[in-house]
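Using the working numbering, the letters of the sequence shown correspond one by one to residues 2 to 157.
Where is the CB? At the ideal position from N, CA and C, for every residue including glycine.
Predicted model, so just to flag it, every value in this text is computed and none were measured.
Let me begin by presenting the structure, written as structure tokens, before commenting on it.
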Amino acid sequence: MMRFLLLFSRQGRLRLQKWYTAISEREKKKIIREMTTMVLARPPRTCNFLQWKDLKIVYKRYASLYFCLGVEHEENELLALEIIHRYVELLDKYFGNVCELDIIFNFEKAYFILDEFLMGGEIQETSKQIVNRAIESSDMLQEDDHTEWYEVELFG
2 MMRFLLLFSR QGRLRLQKWY TAISEREKKK IIREMTTMVL ARPPRTCNFL
52 QWKDLKIVYK RYASLYFCLG VEHEENELLA LEIIHRYVEL LDKYFGNVCE
102 LDIIFNFEKA YFILDEFLMG GEIQETSKQI VNRAIESSDM LQEDDHTEWY
152 EVELFG
């Protein structure tokens with residue numbers, strides 16, 4: 002099971018965090034600080050797997066973002082790497098070549114995509130097409146709500 006997913010920039014700024022176990026805020030800040038420091042200090046062509054306390058840390062850099070996943074010791078590292086890659090593919094499909102600014106300005110959509118893909122630290126849906134359909138239907142509902150609100154404001 003996954004414990005957490007962190008997205009941070011090359012400068013160490015946290016862009017997205019998802020916790021799958023109950024942890025105090027103080028402990029979360031400590032973990033974030035340790036993860037960013039540890040991952041950013043590694044040379045570019047080193048292994049993407051780390052041992053940290055009782056967890057395996059799996060990370061991957063895409064453009065200017067690091068995707069860092071903390072999984073339990075008995076989990077498969079390659080599966081965790083594939084989960085990161087699948088999430089990036091989903092973000093790319095939605096944003097069209099996702100970048101750090103997409104995450105900054107549309108963080109709620111990034112969380113929504115993550116929640117459609119993962120739930121409770123486990124994969125909820127493996128099909129990219131089904132996840133993309135759920136995202137599209139959510140966008141349609143938001144557009145309908147926005148249109149109805151606009152019509153009410155415009156026509157009273």
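Integer Cβ distance of residue i from residue j, believed to fall under 8 Å
i, j, result
"lysine 61", "asparagine 49", "6 Å"
"valine 59", "leucine 82", "6 Å"
Residue nearest to residue i in terms of C-alpha spacing, selected from the options
i, options, result
"lysine 54", "Asp116, Leu66 and Met39", "Met39"
"phenylalanine 96", "Ile124, Ile136 and Arg46", "Ile136"
"valine 99", "Leu41, Met141, Tyr63 and Ser25", "Tyr63"
"proline 45", "Ser65, Val89, Ile33 and Asn133", "Ser65"
"arginine 89", "Lys29, Leu41 and Ile114", "This sequence places valine at residue 89; arginine is not what is there. Looking at the Cα atoms, Ile114 is the closest of the given residues."
"leucine 15", "Leu102, Asp116, Ser139 and Asn133", "Leu102"
"leucine 7", "Gly122, Gln125, Phe68 and Glu73", "Phe68"
"isoleucine 84", "Lys94, Leu41, Gly122 and Leu51", "Gly122"
"alanine 23", "Met3, Asp140, Gly13 and Phe9", "Met3"
Residues near residue i in its chain [Cβ-Cβ closer than 8 Å; skip 5 each side]
i, result
"glycine 112", "Just to set this straight, residue 112 is tyrosine in the shown sequence, not glycine. Here the set comprises Leu17 and Lys19."
"histidine 86", "Lys61"
"glutamate 35", "Trp53"
"asparagine 133", "Leu91, Lys94 and Tyr95"
DSSP three-state assignment for residue i, whether helix, strand or coil
i, result
"arginine 14", "coil"
"tyrosine 95", "helix"
"isoleucine 105", "helix"
"isoleucine 24", "coil"
"glutamate 76", "coil"
"arginine 43", "coil"
"glutamine 125", "coil"
"lysine 31", "helix"
"methionine 36", "helix"
"methionine 2", "coil"
"lysine 54", "coil"
Cut-off 6 Å between Cβ atoms - residues of its own chain near residue i, not counting five sequence neighbours on either side
i, result
"phenylalanine 5", "Trp20 and Gly71"
"arginine 11", "Ser65"
Contacting residues, own chain, Cβ-Cβ under 7 Å from residue i (five flanking each side not counted)
i, result
"threonine 47", "none"
"leucine 56", "Arg4, Gly71, Val72, Glu73 and His74"
The ligand FAD heavy atom lying under 7 Å from the CB of residue i
i, result
"arginine 14", "Among the ligands in the structure shown, none appear at all, so the ligand FAD cannot be discussed."
Three or more C-beta pairs below 8 Å linking the segment 100 to 107 and the segment 122 to 131
no
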